[in-house]
Amino acid sequence: MADLTPLLAFRWSPRAFDPTATLPPADAASLLEAARWAPSAGNRQPWRFALGHRDDETYKRILVNLPAAEQRWARHAAALLLGAHLTAEPAGDADGGAWAGTQGHAAGPADSAGVGGDHGPAVAGPAGRAAYDLGQAVAHLTVQATALGLYVRQLAAFDAAGLAADLELPAGIRPLVVAAVGRLGDPFSLPEELLRQETGLRRRRPLAELLLR
8 MADLTPLLAF RWSPRAFDPT ATLPPADAAS LLEAARWAPS AGNRQPWRFA LGHRDDETYK
68 RILVNLPAAE QRWARHAAAL LLGAHLTAEP AGDADGGAWA GTQGHAAGPA DSAGVGGDHG
128 PAVAGPAGRA AYDLGQAVAH LTVQATALGL YVRQLAAFDA AGLAADLELP AGIRPLVVAA
188 VGRLGDPFSL PEELLRQETG LRRRRPLAEL LLR
């Protein structure tokens with residue numbers, strides 16, 4: 008395997024979190040600052056976050072909207088972070104320029120849906136670009152977490168409508184991901200079926216399978 012920076016090589020998404028660990032304010036600020044400096048189309052920074060610390064009201068409102076099976080382990084995380092994005096095009100820098108994937112491309116039906124057709128840009132359209140940019144911001148956050156000795160596990164399955172209502176999110180904000188953040192805990196505290204997944208070998212597809220040409 009090619010050499011990787013340890014921040015990427017040691018990044019891992021566990022389910023076993025230390026139920027006694029907290030997320031200090033300085034660490035929380037560091038994670039959000041890493042997300043803030045992620046690249047975005049035209050420097051529009053369309054991501055928005057809601058951060059709950061264990062047992063506070065935001066944490067409880069996020070947790071209750073997760074599937075029951077995920078609540079079993081997520082409730083031990085020091086913090087739960089909702090990642091959302093704008094659904095309308097925010098204003099960007101005057102000199103930000105067009106996003107590389109859409110520069111010189113006339114918007115069509117596929118663009119308005121945020122899905123590419125006939126090999127068009129798969130993230131074209133405001134919502135598609137915003138979702139892509141949110142993903143980059145969360146990726147930056149996970150790398151910064153590794154630098155701080157923290158772990159992050161992301162969840163895409165949750166009650167988005169319930170979260171939007173419970174957190175009183177403004178119109179035009181779409182919840183897309185929940186990230187559990189904390190210190191590593193005891194894997195043997197997990198239910199048996201989760202323990203097998205937690206202690207199994209990490210696998211990735213061979214690079215040759217990922218290259219199109």
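Mapping of the sequence shown onto our numbering: residues 8 to 220, in sequence order.
Positions of the beta carbon are idealized from the N, C-alpha and C atoms, including for glycine.
Any non-hydrogen atom of the ligand FMN closer than 6 Å to residue i Cβ
i: Arg160; result: This structure lacks the ligand FMN, and indeed carries no ligand of any kind.
Whole-Å CB distance - residue i paired with residue j, under 8 Å assumed
i: Ala171; j: Pro182; result: 6 Å
i: Arg160; j: Pro21; result: 6 Å
i: Ala152; j: Leu70; result: The Cβ separation is near 19 Å, so there is no contact.
i: His57; j: Leu174; result: For the sequence presented, residue 57 should be read as Ala rather than His. The Cβ separation is near 6 Å, so the contact holds.
i: Ala85; j: Val188; result: 6 Å
i: Gly59; j: Leu15; result: Rounded, the Cβ-Cβ distance is 27 Å, inconsistent with contact.
i: Leu176; j: Ala91; result: 7 Å
Residues sharing a beta bridge with residue i, DSSP
i: Arg160; result: Ala187
i: Ile180; result: Leu93
i: Phe24; result: Leu191
i: Phe17; result: DSSP lists no partner for Phe17.
i: His60; result: Ala86
i: Trp54; result: His92
Inter-residue Cα distance where the pair is residue i and residue j
i: Thr96; j: Asn72; result: Thr is not the amino acid found at residue 96; the sequence shown has Glu there. In a straight line, the C-alpha of Glu96 is about 27 Å away from that of Asn72.
i: Ala23; j: Leu197; result: 7 Å
i: Ala134; j: Leu93; result: 7 Å
i: Glu205; j: Leu191; result: 12 Å
i: Glu33; j: Leu155; result: The question names Glu, but residue 33 in the sequence shown is Ala. Taking the straight line joining both Cα atoms gives about 10 Å.
i: Val185; j: Pro26; result: 18 Å
i: Ala178; j: Leu202; result: 40 Å
i: His112; j: Ala98; result: Model confidence at His112 stands at a pLDDT of 31, short of 50, so the residue's coordinates are unreliable; what they give is reported in the following sentence. The alpha-carbon atoms of His112 and Ala98 are separated by roughly 19 Å.
i: Trp19; j: Gly207; result: 12 Å
i: Thr12; j: Ala138; result: 26 Å
i: Asp62; j: Gly132; result: 38 Å
i: Leu218; j: Asp10; result: 18 Å
i: Glu64; j: Asp193; result: 26 Å
i: Phe195; j: Arg220; result: 43 Å
i: Arg79; j: Tyr66; result: 14 Å
Among the options, nearest to residue i - alpha-carbon criterion
i: His263; options: Pro177, Asp10 and Trp54; result: This structure gives no information on residue 263, because the portion of the chain shown stretches from 8 to 220.
i: Tyr158; options: Lys67, Ala28 and Thr12; result: Ala28
i: Arg136; options: Leu11, Pro13 and Arg51; result: Arg51
i: Arg209; options: Leu11, Pro74, Phe17 and Gly169; result: Phe17
i: Asp166; options: Gln143, Ala75 and Thr149; result: Ala75
i: Ala35; options: Gly169, Thr149, Glu199 and Phe195; result: Thr149
i: Arg68; options: Glu40, Leu89 and Arg220; result: Leu89
i: Glu40; options: Ala144, Gln78 and Pro194; result: Ala144
i: Glu200; options: Ala9, Glu77 and Tyr66; result: Glu77
i: Leu221; options: Gly169, Ile180 and Arg220; result: Residue 221 falls outside the range modelled here, since the chain spans only 8 to 220, and no answer is possible.
Cβ contact check for the region 45–54 and the region 195–215: 3 or more pairs under 8 Å: no
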